[in-house]
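**Q** Its first residue numbered 372, the sequence shown is counted upward by one per residue in my numbering.
All C-beta atoms in this analysis are idealised placements derived from N, C-alpha and C, irrespective of residue type, glycine included.
Note that the structure is a prediction, hence the values are computed from the model and not measured.
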Amino acid sequence: MDRQNAAETEVLIVGAGPTGLVLALFLTKLGVRVRIIDKTDGPGTTTRAVVMHARNLEFYQQVGIADKCIEGGLNFAAVNMWVDGRHAAHVKFDDLGEPLSKFSFVLMFPQDAQEKMLGEELAQLGVNVERRTDLISFECPDGGVSARLRNSDGSESVCKAAFIAGCDGGRSTVREELGIGFPGGDYSDVFYVADVEATGPAMNGEVNVAFDDADFLIVFPLKEAGVGRLVGVVTGGAGKQRDEVKWEDVSTRVMEHLKLEVRKVRWFSTYHVHHRVASAFRSGPAFLLGDAAHIHSPVGGQGMNTGIGDAVNLAWKIAGVLQRRIDPAVLDTYETERIAFAETLVETTDRVFEFVTKRGPIAKHVRLDVVPTVFPRLFAMRPIRRAFFRMLSQLAIQYPDSWLSAGHAGHVRGGDRLPWIEWIGEDGTRHDNYQFFTSLDWQLHWYGELPPAVHDSCETLGLTVYEFPWRPQFKDAGLLRNAMYLMRPDEHIALAHPTADVAVLEQYLTKIGYAPRPVAAATA
Numbered sequence: 372m373d374r375q376n377a378a379e380t381e382v383l384i385v386g387a388g389p390t391g392l393v394l395a396l397f398l399t400k401l402g403v404r405v406r407i408i409d410k411t412d413g414p415g416t417t418t419r420a421v422v423m424h425a426r427n428l429e430f431y432q433q434v435g436i437a438d439k440c441i442e443g444g445l446n447f448a449a450v451n452m453w454v455d456g457r458h459a460a461h462v463k464f465d466d467l468g469e470p471l472s473k474f475s476f477v478l479m480f481p482q483d484a485q486e487k488m489l490g491e492e493l494a495q496l497g498v499n500v501e502r503r504t505d506l507i508s509f510e511c512p513d514g515g516v517s518a519r520l521r522n523s524d525g526s527e528s529v530c531k532a533a534f535i536a537g538c539d540g541g542r543s544t545v546r547e548e549l550g551i552g553f554p555g556g557d558y559s560d561v562f563y564v565a566d567v568e569a570t571g572p573a574m575n576g577e578v579n580v581a582f583d584d585a586d587f588l589i590v591f592p593l594k595e596a597g598v599g600r601l602v603g604v605v606t607g608g609a610g611k612q613r614d615e616v617k618w619e620d621v622s623t624r625v626m627e628h629l630k631l632e633v634r635k636v637r638w639f640s641t642y643h644v645h646h647r648v649a650s651a652f653r654s655g656p657a658f659l660l661g662d663a664a665h666i667h668s669p670v671g672g673q674g675m676n677t678g679i680g681d682a683v684n685l686a687w688k689i690a691g692v693l694q695r696r697i698d699p700a701v702l703d704t705y706e707t708e709r710i711a712f713a714e715t716l717v718e719t720t721d722r723v724f725e726f727v728t729k730r731g732p733i734a735k736h737v738r739l740d741v742v743p744t745v746f747p748r749l750f751a752m753r754p755i756r757r758a759f760f761r762m763l764s765q766l767a768i769q770y771p772d773s774w775l776s777a778g779h780a781g782h783v784r785g786g787d788r789l790p791w792i793e794w795i796g797e798d799g800t801r802h803d804n805y806q807f808f809t810s811l812d813w814q815l816h817w818y819g820e821l822p823p824a825v826h827d828s829c830e831t832l833g834l835t836v837y838e839f840p841w842r843p844q845f846k847d848a849g850l851l852r853n854a855m856y857l858m859r860p861d862e863h864i865a866l867a868h869p870t871a872d873v874a875v876l877e878q879y880l881t882k883i884g885y886a887p888r889p890v891a892a893a894t895a
């Protein structure tokens, strides 16, 4: 029987951008029946978002597609800053000391290519995006969802599901149906994005950020040599509507400072930048993700990455509840964890965006005098570069205030992303402590010598425990020898406890309603 039959749908996903596709992929891998609809004719054909960060490559590794992204994209490990035509800073990510991730770089992998890849992965699992299918409205009777859809042939149908996920962008129908507010504001400037064939110092395979007293430009490299993505402010085209603005209206002042010669414009579009966060990310069985929940400036390439993070955070929680392996109360943590990050992200990107776009004598002085003096000194220090990469790559995301986060052991605590650690095994091959997260399941990590009592308790609880014989790298990463680290399916620490007190573990699992599933212990 077709697994997308409406009567068998457990989760209806509205919107087939990267957020919706990742949610569908993770849910399907977890054994959840999904239906994903989109009102467009097909996947995107323009690059739009291009930046993919380390944290999401770690997620993609869990479902076996990280290598495909890397093969199809361009990774780079440096950002250049230019001020009024002068090279002000060179920030490298490949000399951070001990790597923070298997993917200690930034990947240029365009959104259209990513959507194509995700769609193909889903199709191989028997799930196809239902195109030209629109959500008309929905109700939530008896805790479930009953949605009216307009199908590709113009007819209407009803889809009944346990949950509905709004991944349908800034003008989300799901959000509007729920009556959830979307407070925030808009920037007055019109911005442009263009894919170009060009030459010059900024076409060096790295990201280049340039600004002067009244203008700015970001140059992103793309995989094809001599092709890049430009993002800037439209300063010409006075009196024109946004959709009337052409490439000829774009100021070339910063480009001239960079000695950037554009030979051909392959694609050009304009847009307004918004900064908004939904007042709620959940209402009963309905959830908001990605741009439906939060939109902000393009600074740092955080938008698409944050939506993917939303999807991964929600997927394992929905799957656990549907399969009665965790308490339904765990679903409440999706909003508390992700809305806090979204609000912080919007505030941070707002400040940076105002810095690069604000006009006036003070702003001019800061950009042209302070930045060229301070930034090179700051980023000459490895700890500063390391902290910058942690923030940019979303490796620093943590959930210390979540109901799911408990305890601390060593220098890590519940809610932290588990430190990634790599070592060379006796067989001469590389190993790391993230290799077992492909199970997409709860697991206990034990760094040291596993006590029989812990082994027996995990066996009774149906919890896989991985024993990692102690290595100096573990201490350097902040882990404590012979401490308990209960891991969530998304590589965040749920419970950190400094001793082998199995009662603490059992109490935590009872709190979240964890259902036992007999498994064997393993040695890493």
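Looking at Ala-449 and Glu-595, is the spacing between their C-beta atoms short of 7 Å?
**A** Residue numbering aside, residue 595 sits at position 224 when the sequence shown is read from its first letter. Residue numbering aside, residue 449 sits at position 78 when the sequence shown is read from its first letter. No.
**Q** Could you pull the start and end residues of the alpha helix (DSSP H) that Leu-832 belongs to?
**A** As a first step, residue 832 is located in the sequence shown; it is residue number 461 there, counting from the start. Note, Leu-832: alpha helix (DSSP H), 823-832.
**Q** Is Val-717 closer than 7 Å to Val-648 when the C-beta atoms are compared?
**A** Counting from 1 along the sequence shown, the entry for residue 648 is found at position 277. Counting from 1 along the sequence shown, the entry for residue 717 is found at position 346. Cβ atoms of Val-648 and Val-717: closer than 7 Å.
**Q** For the beta strand (DSSP E) holding Ala-395, just list the boundary residues, first then last.
**A** The residue given as residue 395 occupies position 24 in the sequence shown. Unbroken run through Ala-395 is the alpha helix (DSSP H), 389-400; no beta strand (DSSP E).
**Q** Sorted by chain position, which residues of the same chain lie with C-beta nearer than 8 Å to Trp-687's C-beta, five sequence neighbours on each side aside?
**A** On the sequence shown, residue 687 is found 316 positions in, with the first residue counted as 1. Same-chain partners within the cutoff: Phe-397, Leu-401, Leu-811, Arg-859, Pro-860 and Asp-861.
**Q** Less than 8 Å between the CB atoms is what I'm expecting for Gly-781 and Gly-849, so what's the real figure, rounded?
**A** Residue mapping note: residue 781 aligns to position 410 of the sequence shown, counting from 1. Residue mapping note: residue 849 aligns to position 478 of the sequence shown, counting from 1. That belief holds up - the Cβ atoms of Gly-781 and Gly-849 are roughly 5 Å apart, short of 8 Å.
**Q** Near Ile-864, what residues of its chain come up, given a Cβ to Cβ distance below 8 Å and the 5 sequence neighbours on each side ignored?
**A** Residue mapping note: residue 864 aligns to position 493 of the sequence shown, counting from 1. Cβ within range, chain order: Ser-776, Val-783, Arg-784, Gly-785, Gly-786, Asp-787, Arg-788, Leu-789, Tyr-856, Leu-857 and Met-858.
**Q** Are the CB atoms of Ala-420 and Leu-493 within a distance shorter than 7 Å?
**A** Within the sequence shown, residue 493 is the residue found at index 122, counting from 1. Within the sequence shown, residue 420 is the residue found at index 49, counting from 1. No, the Cβ-Cβ distance between Leu-493 and Ala-420 is not below 7 Å.
**Q** Going residue by residue through the stretch 740-820, where are the continuous alpha helix (DSSP H) segments of at least 4 residues, counting only ones entirely within it?
**A** As far as the stretch 740-820 is concerned, its whole alpha helix (DSSP H) runs of at least 4 residues are 742-750 and 753-763.
**Q** Touch check for the stretch 652-669 and the stretch 698-707: three-plus C-beta pairs under 8 Å?
**A** Yes, they touch.
**Q** Which of the three DSSP states is assigned to Lys-487 in this structure?
**A** One-based indexing of the sequence shown puts residue 487 at position 116. In the structure shown, Lys-487 sits in a helix (DSSP, three-state: H, G or I).
**Q** Quick check on this structure: which residue in Gly-603, Gly-597 and Asn-575 has the alpha carbon closest to the alpha carbon of Phe-587?
**A** As a first step, residue 587 must be located in the sequence shown, where it is residue number 216. Looking at the Cα atoms, Gly-603 is the closest of the given residues.
**Q** If you draw a straight line from the C-alpha of Gly-443 to the C-alpha of Asp-483, how long is it?
**A** By one-based count along the sequence shown, residue 443 stands at place 72. By one-based count along the sequence shown, residue 483 stands at place 112. Roughly 12 Å separates the two Cα atoms.
**Q** So Ala-518 packs on Val-382, CB below 8 Å; how close in whole Å?
**A** Looking up residue 518 in the sequence shown gives position 147. Looking up residue 382 in the sequence shown gives position 11. The pair is not a contact, with the Cβ atoms about 11 Å apart (cut-off 8 Å).
**Q** Looking at Gly-778: is its Cβ nearer than 7 Å to the Cβ of Cys-538?
**A** Here residue 778 refers to the residue found at position 407 when the sequence shown is read from its first residue. Here residue 538 refers to the residue found at position 167 when the sequence shown is read from its first residue. No, they are not a contact pair.
**Q** Does the beta-carbon of Asp-412 have 16 or more other beta-carbons within 10 angstroms, so that it is buried, or is it exposed?
**A** Start at 1 with the first residue of the sequence shown, and residue 412 comes out as number 41. Burial call: exposed.
**Q** So who's on the other strand from Pro-843, going by DSSP bridges?
**A** The residue given as residue 843 occupies position 472 in the sequence shown. DSSP output for Pro-843 lists no bridge partner at all.
**Q** Who pairs with Ile-919 in a beta bridge, going by DSSP?
**A** Nothing about residue 919 can be read from this structure; the chain reaches only from 372 to 895.
**Q** Alpha carbons only, please: which of Leu-549, Ala-425 and Leu-506 is nearest the one belonging to Ile-441?
**A** Counting from 1 along the sequence shown, the entry for residue 441 is found at position 70. Ranking Leu-549, Ala-425 and Leu-506 by Cα distance to Ile-441 puts Ala-425 first.
**Q** Kindly indicate which residue of Gly-552, Glu-429, Ile-535 and Gly-541 has the alpha-carbon position closest to the one of Phe-474.
**A** Counting from 1 along the sequence shown, the entry for residue 474 is found at position 103. Out of Gly-552, Glu-429, Ile-535 and Gly-541, Glu-429 has the C-alpha closest to the C-alpha of Phe-474.
**Q** If you run the structure through DSSP and keep just helix, strand and coil, what is Met-479?
**A** The residue labelled residue 479 in the question sits at position 108 within the sequence shown. In this structure, Met-479 counts as strand in the three-state DSSP scheme.
**Q** Near Lys-487, what residues of its chain come up, given a Cβ to Cβ distance below 6 Å and the 5 sequence neighbours on each side ignored?
**A** If you number the sequence shown from 1, residue 487 lands on position 116. Cβ neighbours of Lys-487 beyond the five flanking positions: Pro-414.
**Q** By the 10 Å Cβ neighbour count, where 16 or more other Cβ atoms means buried, how is Ala-758 classified, buried or exposed?
**A** To locate residue 758, count along the sequence shown from 1; it is residue 387. With fewer than 16 other Cβ atoms within 10 Å, it is exposed.
**Q** Which class does Asp-455 belong to by DSSP, given the choice of helix, strand or coil?
**A** The count along the sequence shown starts at 1 and reaches residue 455 at position 84. Note: Asp-455 maps to coil in three-state DSSP.
**Q** Indicate whether Arg-696 and Ala-536 have their beta-carbon atoms separated by less than 7 Å.
**A** Within the sequence shown, numbered from 1, the residue matching residue 696 stands at position 325. Within the sequence shown, numbered from 1, the residue matching residue 536 stands at position 165. Going by C-beta atoms, Arg-696 is not nearer than 7 Å to Ala-536.
**Q** Within the same chain, show all residues whose beta-carbon is closer than 7 Å to that of Tyr-431, passing over the 5 residues directly before and after it, in chain order.
**A** Here residue 431 corresponds to residue number 60 of the sequence shown, with the count starting at 1. Closer than 7 Å at the Cβ level, and outside the excluded window around Tyr-431, lie Ala-437 and Cys-440.
**Q** Between the C-alpha atoms of Ala-387 and Phe-591, what's the straight-line distance to the nearest angstrom?
**A** By one-based count along the sequence shown, residue 387 stands at place 16. By one-based count along the sequence shown, residue 591 stands at place 220. Computed Cα separation, rounded: 25 Å.
**Q** Within 10 Å of its beta-carbon, does His-736 have 16 or more other beta-carbons around it, so buried, or fewer, so exposed?
**A** Within the sequence shown, the letter at position 365 stands for residue 736. It is exposed - the Cβ of His-736 has fewer than 16 other Cβ atoms within 10 Å.
**Q** Measuring CB to CB, does Lys-410 end up less than 7 Å from Asp-505?
**A** Stepping through the sequence shown from its first residue, residue 410 is reached at position 39. Stepping through the sequence shown from its first residue, residue 505 is reached at position 134. Contact: yes.
**Q** Taking the continuous alpha helix (DSSP H) assigned at Leu-428, which residues delimit it?
**A** On the sequence shown, position 57 is the one that residue 428 refers to. Here the alpha helix (DSSP H) through Leu-428 covers 425-433.
**Q** In the DSSP assignment, find the unbroken beta strand (DSSP E) run with His-863 in it and report its ends.
**A** Counting from one through the sequence shown, the residue named residue 863 turns up at place 492. That residue, His-863, is in no beta strand (DSSP E); it is neither H nor E in DSSP.
**Q** Using C-beta distances below 7 Å, list every residue in its chain close to Val-692, excluding the 5 sequence neighbours before and after it, in chain order.
**A** The residue you call residue 692 lines up with position 321 of the sequence shown. So the qualifying residues of the chain are Pro-699, Val-701 and Leu-702.
**Q** What did DSSP end up calling Lys-882 once you bin it into helix, strand or coil?
**A** Taking the sequence shown and counting its residues from 1, the one referred to as residue 882 is at position 511. Note: Lys-882 maps to helix in three-state DSSP.
**Q** For Phe-712, collect the residues of the same chain with a Cβ closer than 7 Å to its Cβ; drop the 5 residues on either side in sequence, then sort them by chain order.
**A** Translated into the one-based positions of the sequence shown, residue 712 becomes position 341. Excluding sequence neighbours, Phe-712 sits near Ile-768.
**Q** Using a Cβ distance threshold of 8 Å, determine whether the stretch 564-571 contacts the stretch 522-532, with at least three qualifying pairs required.
**A** At 8 Å Cβ cutoff, the stretches do not touch.
**Q** Residue range of the alpha helix (DSSP H) that Thr-341 falls in?
**A** Residue 341 lies beyond the stretch modelled for the chain, which goes from 372 to 895, so this question has no answer here.
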